[in-house]
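Chains as they are written, first to last, in my numbering: chain H, 39 to 257; chain F, 248 to 858.
Everything below concerns the one structure shown next.
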Ligand code: SF4
């Protein structure tokens, strides 16, 4: 079976598994669950799997997508439960299906974030954050392929909403997944560079949903 | 997850090694167990998770339903700094709970260079380092592993050692500890009782007195502790549990594969080799057991590699049968089978071809000594013909890289022996020129030397180690003897070897030095990133301990040795005889040709070795 796609969650302790290690972990999971992945031809055969948009270590996700191929036909309905049982804590397969759309059509991501402030008041931070992200342009310096460069991250943010959550500030945003890719870690980084007095002491993110360029759900 | 930890993890290298949550980890309800045990490996996650002993004992100890045994490793430097900054105590991976919540810490100590890390882990757990400073029964701090064959340098820190193989005795200790905890025993009461279990060594029940010349006058047991602690062995390896559901790390570790242990012990009796003596007698597993366990473990882990472990793999009689059985399963699934520690003398073409179908790596030979005379003296039964014959087969079969390992400073070594190393490399090169199938790819011959470390419970336990200066002189002699440009030479530094020699052969007075090194920031000393020779030398000086007394001075044959009260099976008289044979450059037959009545057979119920 070719053109297969998994949608899975990566939460809890599994968020610290790096992209490369995750590929290895999933491969072993397939093997343990008794599914034979299709391998590439050639001198150094490797399983034909690819995960769209590698997550950064520490970021959780409820909507990871992985394309894969199997040597034999299997019942896709029972695959999620069987594979989940063969995976470490925190990785949960939500569905397996034959895909029609290429991962390149994926355009927007919905993310949830938590900004933690140890000593500062969440309500006033929340207000200041709204103001900061209401700007038309937010230029920051970041590492690019050609060394350090200036980038405006604002166009890559389609929506961003902040709310007070106890002592923290919560945020929900729709950001560009590719072309350009906006790593959510840049949201607090921008504050550290441009307005450090409202930068959080710690920030963490969860990917919630994937969309195409028309903001239709991408599967 | 602890908030402090959550903030640290994204900042450190390879955070997945600090989180637990791996596939096949064992989770129990902490309110339903009587004992919470932290199984501590005094090195990194990557090393510890590659250790078969750790994996075996994790499962055997967890097989007791009143125990929840969890894993703890030493954090790498960046994590260590972050944990200190955040005042985050050392925690166990399964539950994430701080070690202060545990009833006991059990350390697996496989090598001396881990000693400072043991202290560091105790400190990170907020536990006083010395047994005498821990008046209560709990937490009980104990250890096992090869280091237990001379536990003295660590004696003041640990409440109890287990000597020998842990599968049974560890559970006996835990069963007694549970009784003690539930019955409210004092620590003393428990230790006195525990000392009655075969294989348990309670250092505080032995008084050590010294002579004017610094040697030991006597070791006197108290409170009914046995005069000599006899090590434990497993009688029937086929019956002992093997972890067919080992934990699969979610991040890369050193050995990412299934490991099968073919046998314990060794029939060879190389005189420099501690393992070859302290793991006796030889006991093998049946190939059927191994094949079944290997396949089950492959299924349960999803690993794509399996390796055969033992001191000398080719001494496993049913090796062809075992390889066939495993290859039947592995080949169609592209699973690699590797066989380390094959000997040069009975390497068969057939076996090599079989492996070649699956995977081909470089050849390595532990030659150890540069001349036949020296190899006879150390009882390393490898001849130049054997080696060249194997190389011939290998080169003809397409191999093109050979690594040759030697030790410098072996007893009776002469300059001629050292020059012989370079000559042998030339012979190997000549062999390649004559037999290589494809010369276009070139050949790579690597010579590696390390400085010989005399080890307790081996025939060379009385020997002096050569000084660092002398080692360097020998290195330079070898270097100048190597002329061929296809031959590379790597030498390990002798500074670590000197420290290792002191820690191996040390007595209780060396404990102060270990603690002092730790106080000066020493930890993870097995890593060259962290080892500081200067720090060790400063600690020796400030404790008034002379490293040369332990490392570079021959011990009189009639002296009481610091480890004499630990009985690993092999008699001292046998070791002494082997030492004499060494000085006569005479070989001793291996166990299979002729039993030398070394003493180890007494550990077996039937009293006879498989040989
Ligand atoms: S008793 Fe004999 S056969 Fe057994 S280990 Fe000793 S020498 Fe070898």
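C-beta: ideal position from N, C-alpha, C; glycine also.
None of these values were measured; they are calculated from a predicted model.
### Query
Name the DSSP bridge partner or partners of residue 178 of chain H?
The secondary-structure analysis by DSSP pairs residue 178 of chain H across a beta bridge with H/189.
### Task
Taking C-beta pairs closer than 8 Å, name the residues in chain H that residue 581 of chain F reaches, listed in chain order.
Within 8 Å Cβ-Cβ: 77, 83.
### Query
Enumerated in chain order, which unbroken segments of the beta strand (DSSP E) with a length of 3 residues or greater are wholly contained in the region 532-577 of chain F?
The region 532-577 of chain F contains these whole beta strand (DSSP E) runs: 552-556.
### Query
Going by C-alpha distance, which of F/555, F/543, F/521 is nearest residue 531 of chain F?
For the residues F/555, F/543, F/521, the minimum Cα distance to residue 531 of chain F belongs to F/555.
### Message
Please report the straight-line C-alpha distance between residue 840 of chain F and residue 462 of chain F, rounded to a whole angstrom.
### Response
If you draw a straight line from the Cα of residue 840 of chain F to the Cα of residue 462 of chain F, it is about 38 Å long.
### Where residue 69 of chain H meets chain F, residues with beta-carbon distance less than 9 Å
Result: 545, 546, 548, 549, 550, 551, 580.
### Query
So is residue 150 of chain H in contact with chain F if we call contact Cβ pairs under 9 Å?
Against chain F, the CB of residue 150 of chain H has no partner CB under 9 Å away; the residue lies outside that interface.
### Message
Any beta carbon from chain H within less than 9 Å of residue 604 of chain F's own beta carbon?
### Response
Because the pLDDT of residue 604 of chain F is 48, which lies under 50, any placement of that residue in the model is unreliable, and the number read from its coordinates should be weighed accordingly. Taking 9 Å as the threshold, the shortest C-beta distance from residue 604 of chain F to chain H does not fall below it.
### N-terminal and C-terminal residue of the beta strand (DSSP E) that residue 248 of chain H is part of
Per DSSP, the unbroken beta strand (DSSP E) holding residue 248 of chain H starts and ends at 240-249.
### Query
Between residue 847 of chain F and the ligand SF4, is the CB less than 8 Å from at least one heavy atom?
Because some heavy atom of the ligand SF4 lies under 8 Å away, the Cβ of residue 847 of chain F counts as near it: yes.
### Query
By the criterion of Cβ-Cβ separation under 7 Å, what are the contact partners of residue 267 of chain F in chain H?
What residue 267 of chain F touches in chain H: 51.
### Query
For residue 391 of chain F, which beta-bridge partners are listed by DSSP?
Bridge partners of residue 391 of chain F: F/355.
### Host beta strand (DSSP E) of residue 698 of chain F (start-end)
691-698 is the span of the beta strand (DSSP E), which, as asked, contains residue 698 of chain F.
### Query
Is it the case that the Cβ atoms of residue 495 of chain F and residue 269 of chain F are separated by a distance below 9 Å?
Their beta carbons are under 9 Å apart, which means residue 495 of chain F touches residue 269 of chain F by this criterion.
### Query
Buried or exposed: which applies to residue 242 of chain H, given that a residue is buried once 16 or more other Cβ atoms fall within 10 Å of its Cβ?
Its Cβ being crowded by 16 or more others within 10 Å, residue 242 of chain H is buried.
#### Entry: Euclidean distance between Cα positions of residue 715 of chain F and residue 453 of chain F
Spanning the two alpha carbons is a distance of roughly 34 Å.
### Query
Residues bridged to residue 104 of chain H by DSSP?
According to DSSP, residue 104 of chain H shares a beta bridge with H/44, H/89.
#### Entry: Cβ separation of residue 711 of chain F and residue 827 of chain F, assumed to be a contact under 8 Å, to the nearest whole Å
Residue 711 of chain F to residue 827 of chain F, Cβ: 17 Å. No contact.
### Message
For the ligand SF4, is there any heavy atom lying closer than 8 Å to the beta carbon of residue 516 of chain F?
### Response
Yes, the beta carbon of residue 516 of chain F sits closer than 8 Å to at least one heavy atom of the ligand SF4.
### Message
Going by C-alpha to C-alpha distance, which of F/691, F/763, F/747 sits closest to residue 737 of chain F?
### Response
Per the Cα distances, F/691.
### Task
Check whether the Cβ of residue 242 of chain H lies closer than 9 Å to any Cβ atom in chain F.
Cβ-Cβ to chain F under 9 Å: yes for residue 242 of chain H.
### Message
Here's a check: name, in chain order, each residue in its chain whose Cβ is nearer than 8 Å to the Cβ of residue 829 of chain F, leaving out the five neighbours to either side.
### Response
518, 624, 625, 626, 658, 659, 706, 707, listed in sequence order.
### Task
Alpha carbon to alpha carbon, how far is residue 353 of chain F from residue 504 of chain F? Give it in angstroms, no decimals.
Cα to Cα, residue 504 of chain F sits roughly 25 Å from residue 353 of chain F.
### Query
Applying the criterion that 16 or more other CB atoms from any shown protein chain within 10 Å of the CB defines a buried residue, is residue 747 of chain F buried or exposed?
Buried is the label assigned to residue 747 of chain F, since at least 16 other Cβ atoms lie within 10 Å of its Cβ.
### Query
By DSSP, does residue 592 of chain F sit in helix, in strand, or in coil?
Model confidence at residue 592 of chain F stands at a pLDDT of 48, short of 50, so the residue's coordinates are unreliable; what they give is reported in the following sentence. Coil, per DSSP.
### Message
Does the beta-carbon of residue 520 of chain F, which I'm using as the reference point, lie nearer than 8 Å to any heavy atom of the ligand SF4?
### Response
Not so, every heavy atom of the ligand SF4 lies at least 8 Å from the Cβ.
### Message
Given the structure, does residue 241 of chain F come close to the ligand SF4, in the sense that its CB is under 8 Å from one of the ligand's heavy atoms?
### Response
Since the first and last residues shown for chain F are 248 and 858, residue 241 of chain F lies out of range.
### Query
Hey, how far is the Cα of residue 123 of chain H from the Cα of residue 263 of chain F?
So the two alpha carbons sit approximately 20 Å from each other.
### Message
Taking 8 Å as the cut-off, does the region 373-388 of chain F touch the region 336-353 of chain F (at least 3 CB pairs, one atom from each stretch)?
### Response
Yes, the region 336-353 of chain F is in contact with the region 373-388 of chain F.
### Query
Quick check: the region 370-384 of chain F against the region 295-310 of chain F, are there 3 or more CB pairs under 8 Å?
Under the three-pair Cβ rule at 8 Å, the region 370-384 of chain F does not count as touching the region 295-310 of chain F.
#### Entry: Partner residues on chain H for residue 498 of chain F, Cβ-Cβ distance less than 8 Å
In chain order: 55, 56, 59.
#### Entry: Beta-carbon gap between residue 134 of chain H and residue 45 of chain H smaller than 9 Å
In this structure, residue 45 of chain H lies closer than 9 Å to residue 134 of chain H by Cβ.
### Message
Could you check whether the region 154-161 of chain H touches the region 206-215 of chain H, counting it as contact only if at least three pairs of C-beta atoms, one from each stretch, sit closer than 8 Å?
### Response
Contact holds between the region 154-161 of chain H and the region 206-215 of chain H, because three or more Cβ pairs, one in each stretch, are under 8 Å apart.
### Task
Consider the C-beta atom of residue 826 of chain F and the heavy atoms of the ligand ATP; say whether any pair is separated by less than 8 Å.
Summarising the ligand content, the structure contains the ligand SF4 and does not contain the ligand ATP.
### Task
Return no unless some Cβ of chain F is closer than 9 Å to the Cβ of residue 125 of chain H.
Taking 9 Å as the CB threshold, residue 125 of chain H lines the interface with chain F.
#### Entry: Pick from F/809, F/456, F/570 that is closest to residue 749 of chain F, judged by C-alpha positions
Answer by Cα proximity: F/809.
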